[in-house]
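**Student:** Here's a structure for you.
In this note's numbering, the protein residues as written are 644 to 755.
The structure is reproduced here in C-alpha cells:
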C-alpha cells in the first residue's frame, strides 16, 4: 500500500492516479491533488491534467472558436485546436504551446 485516504475527504468525480510518480487527483472545475501533497487550483472544464512531472502539471486544453451557442452549430469561422499548458502546483501558468501531449510506447512524451 502506498497511502490510505478517507473516502469522505476525497472528491470521487474523475478520481485518477497520474504522473511519473504516483499522484492521486480529481478534477472538474477545480484540480485537486490528494497525494503525495495537497494542492488545488481552479480551471476550466475544457482543460484536463495529462501528466505531472518535475513539479509541473501538463494540461490539455481544447479550444473551439467560431461556435454559435444559440444555434448549437459551427460557423464558417469555426476552428478547433489543442494547447498544452504547463502549470506549477499553485496553478500559475508557466507556458502554453499549440499541440497535444502524446506518449510513445517507450513511455516518453512529445507534443504533436
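Where a beta carbon is used, it is the ideal one built from N, C-alpha and C, also for glycine.
Is the stretch 672 to 682 in contact with the stretch 705 to 720, if contact means three or more CB pairs nearer than 8 angstroms?
**Tutor:** No, the stretch 672 to 682 does not touch the stretch 705 to 720.
**Student:** Excluding sequence positions up to five away, which residues of its chain have a Cβ less than 8 angstroms from the Cβ of residue 718?
**Tutor:** On the chain shown, residue 718 is found 75 positions in, with the first residue counted as 1. Here the set comprises 709, 710, 711.
**Student:** Which of the three DSSP states is assigned to residue 735 in this structure?
**Tutor:** Translated into the one-based positions of the chain shown, residue 735 becomes position 92. DSSP places residue 735 in coil when its eight states are reduced to three.
**Student:** Would you please state the rounded distance, in angstroms, between the beta carbons of residue 737 and residue 729? I believe it to be under 8 angstroms.
**Tutor:** To locate residue 737, count along the chain shown from 1; it is residue 94. To locate residue 729, count along the chain shown from 1; it is residue 86. With a Cβ gap of about 5 angstroms, residue 737 and residue 729 count as contacting.
**Student:** Could you tell me if the beta carbon of residue 676 falls within a distance shorter than 6 angstroms of some heavy atom in the ligand HEM?
**Tutor:** Absent from the structure shown: the ligand HEM. Ligands present: none.
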